[in-house]
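Step one of this worksheet: look at the structure below.
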Amino acid sequence: MLFASAILFFCSQTDGLAYQGLQLPISANNMKLSTSVVDEFSLGFSDRDKQLIADLNTRYPLGSLTKAFVATTVSELVHEGLLEWDKPVTAYIPELQFTADPALADRLALIDLLSHQTGLERLDTINQLSPAYPLRTKWQYNDWMYALVGEIIERQTTVIRSRIPADATARPYMITDGGEAVRIADVSLLDGTTMSPPGGGVRSSAHDMLIWAKALMAGFRRDPSPLHRVGNVLSGYAITNRSSGFDELYALGLAKVTSPTQFGKMGFNPNLVDVMPLIGQDHPPTSIFYHNGAMPGYNHCLVMIPGQQAAIAVLTNSISQGDIADWVAQIILQAVIGSNRPVDLVPIAEDAAKRWKTRYATMVETLEKGRTPNTEEPPHAALVGHYQHKNTRTTHTLKHYHHDTFCFLPSAEERIQRALFHYTAPTWLLHFEKREETGAVWSIKWKLGNQVTDGEIFKRVSESPSGST
Ligand SMILES: *[C@@H]1O[C@H](CO)[C@@H](O)[C@H](O)[C@H]1NC(C)=O
């Protein structure tokens, strides 16, 4: 963990909650909370080039830790009578319709969007989402649904967007497989071209996240909460992992579990280990909320233990070899709940890092295995053109894969620099689609995930060779 990590439990004597990106309809005045820090720790740089040291007030785009802010905003707006939990979302966005299931939008309520129970595939673009599962049958994480909630909030309220001076925010880094830190491009959160704001755009500091956690947990201390009906946000709605013991639940923007249990399920560590370690086997069952967050250059984890009124916030400005914020939070969690025989997570994290480092080679291997050798490469002149998909603009170098399919897997180094760390092997393939009648190429099809049936279509809008988009 090379960079800027500000961690820890409650902070002292703080006035108000400062965060940017979304405005909760609560005022700083009713958020006066005095808390005490058990321990705090920060490490590394918020900006390596300028040698700025990270501290508890360093701001980070929160990634998916934003989701609980969005859910709480909705809860506040329900309290104010501006939104209703059970109303179809088409009451707020009349034009919403999913091509693959035109009746679905009328059956979706805010609670379905916030608890990831729409059953819609989790693509990274919304226009053609198809149901992967029937409504309310399965928990299926979907950033787009939070973007949709953001749109609903905007339409029902006046959202004030603040611009934050660039210097106030920790710069994003990726750690290469060799352990070197690479500064990557800043993510634009507020320019309307990404879905990030409601899915991941709130910025905050470790210090403020502890105040946030304390406000969320007020009900468990029988304190009046500055947040209205926050119980809505903390109730379990979807079962993310059923078991005969304690089910793992999804509340709104937060995972809700009872130890002994596994953590990190909202992040990418589960893909890097055979099985996530069971935490808290050596003490009485404890109710715990958590969420992970990752976006290019940032990796976070928030854990709340209401019974102890403790919270752990790990915020970092780098994606390293695994979900490091999650491992760190789990280590601290075991100390906080007083595990006598804590699971040693270091060797598990090391194994996960090893697997992380072999991912590129594995992808190359998988792609090679799936390739039909010696197929004819279509003449490039027939393919060159301008292909368009909404506002997305991205440039890649294509290599012939087989038939009319090309591969854009960049070098290992470029993949890290461009923060394309979530793509799996099939995601690197682009298929040129030909019209049956004429044989002319009319689009490029891109399948973003393995559940995707149709894939995203980049329509050819001109044959001019100027930059394929
Ligand atoms: C579900 O929970 C059980 C019990 O903790 C665990 O053994 C199993 O690995 C979990 N499965 C998934 C997919 O998380």
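Taking mature numbering (1 follows the signal peptide of the UniProt record, and there is no 0), I'd label the letters of the sequence shown as residues -16 to -1, 1 to 453.
Ideal Cβ positions, reconstructed from N, Cα and C, are used throughout, including at glycine.
Check each candidate in the options and name the one with the smallest Cα separation from residue i.
i, options, result
"Q265", "H384, V54, N324, Q292", "N324"
"P394", "D388, M347, G439, F416", "M347"
"W430", "E397, D388, E420, A396", "D388"
"residue 476", "S227, S59, A131, V425", "With the chain represented from -16 up to 453, any question about residue 476 goes unanswered, as that position is not in the structure."
"P78", "H380, R167, R139, C285", "R139"
"L27", "T411, E349, S302, T408", "S302"
"R43", "M129, A297, L94", "A297"
"L414", "E398, W69, E420, K443", "K443"
"F53", "Y221, L404, A131, T121", "A131"
"P268", "I289, P244, H284", "P244"
"I136", "P72, S188, A165, D335", "P72"
"S188", "T300, I272, L382", "T300"
"F29", "A319, R343, R167, K353", "R167"
"F39", "G322, K249, D192", "First, the amino acid is wrong: residue 39 is Asp here, not Phe. Nearest of G322, K249, D192 to D39, Cα basis: D192."
"A93", "A55, R106, E64", "A55"
"A396", "I428, D161, G281, L351", "D161"
"F416", "F405, P363, T379, L317", "P363"
"D70", "L98, L80, N126", "L98"
"N283", "I272, N253, I289", "N253"
"Y407", "T350, D438, H63", "T350"
"P280", "Y157, L80, T121", "Y157"
"T270", "G251, V259, A294", "A294"
"L61", "F204, R106, T141", "T141"
"A154", "I263, N41, P210", "N41"
"H386", "W412, V368, F405", "W412"
"G354", "T121, F390, G220", "F390"
"Y234", "L211, A337, I272", "I272"
"Y344", "M250, A403, A202", "A403"
"G163", "F392, I441, K338", "K338"
"G251", "L218, D258, V259, C285", "C285"
"A336", "Y125, D258, P208", "D258"
"G203", "Y125, P290, D170", "P290"
Whole angstroms is fine: what's the gap from residue i's alpha carbon to residue j's?
i, j, result
"W340", "Q305", "6 Å"
"Q292", "I37", "31 Å"
"W123", "A89", "17 Å"
"P9", "G185", "Caution applies to P9, whose pLDDT of 32 falls short of 50 and renders its modelled position unreliable; the value that the coordinates give is listed next. Computed Cα separation, rounded: 17 Å."
"T50", "P331", "30 Å"
"V133", "P45", "19 Å"
"K16", "A239", "In this predicted model, K16 has a pLDDT of only 36, less than 50, meaning its place in the structure is not dependable; the value taken from the coordinates is given anyway. Approximately 26 Å between the Cα atoms of the pair."
"T57", "I400", "34 Å"
"D96", "A197", "24 Å"
"I308", "D231", "25 Å"
"L6", "G47", "Residue placement at L6 is poorly supported in this model, since its pLDDT is 31, which falls under 50; the coordinates still yield a value, given next. Rounded to the nearest angstrom, the two C-alpha atoms are 13 Å apart."
"T177", "P326", "Residue placement at T177 is flagged as unreliable, the pLDDT there being 45, under the threshold of 50; the coordinate-derived value follows with that caveat. Computed Cα separation, rounded: 44 Å."
"A190", "S114", "37 Å"
"A409", "T378", "19 Å"
"I223", "L194", "27 Å"
"L174", "W128", "Low confidence applies to L174: its pLDDT is 49, below 50, so where it sits in the model is not reliable enough to give any reading."
"L317", "H370", "52 Å"
"Q246", "R419", "50 Å"
"T359", "E398", "28 Å"
"Q81", "T74", "8 Å"
"G248", "L262", "11 Å"
"T242", "G220", "12 Å"
"T19", "F392", "In this predicted model, T19 has a pLDDT of only 42, less than 50, meaning its place in the structure is not dependable; the value taken from the coordinates is given anyway. Looking at the two C-alpha atoms, the distance is approximately 51 Å."
"G423", "Q101", "41 Å"
"R106", "F405", "16 Å"
"A12", "P210", "Because the pLDDT at A12 is just 33, under 50, the model does not fix this residue reliably, and the point stays unresolved."
"D438", "T342", "30 Å"
"L(-15)", "Y125", "Here the model assigns L(-15) a pLDDT of 37, short of 50, so the residue's position is not dependable, and the following value carries that caveat. Spanning the two alpha carbons is a distance of roughly 29 Å."
Would you mind giving the Cβ-Cβ distance between residue i and residue j, rounded to the nearest angstrom? I have them listed as a contact below 8 Å.
i, j, result
"A87", "G103", "Incorrect: roughly 13 Å between the Cβ atoms, too far for contact."
"L119", "R91", "6 Å"
"V287", "Q372", "No, V287 and Q372 are not in contact; Cβ-Cβ is about 43 Å, not under 8 Å."
"N216", "L236", "7 Å"
"A165", "R32", "7 Å"
"R206", "S59", "Rounded, the Cβ-Cβ distance is 19 Å, inconsistent with contact."
"E361", "H384", "4 Å"
"E447", "V368", "7 Å"
Report task. Starting from the N-terminal end, write out each residue whose C-beta falls within a distance shorter than 7 Å of any non-hydrogen atom of ligand 1. Result -> Output, sorted by chain position: N225, S227, G229, E232, T245, Q246, K249, P254, V259, M260, L262.
Query raised in the report: Does the pairing of the stretch 272 to 292 with the stretch 312 to 326 give three or more beta-carbon distances under 8 Å?
Result: yes
Requested in this report: Determine contact between the stretch 226 to 239 and the stretch 69 to 85, defined as no fewer than three beta-carbon pairs at a distance below 8 Å.
Outcome: no
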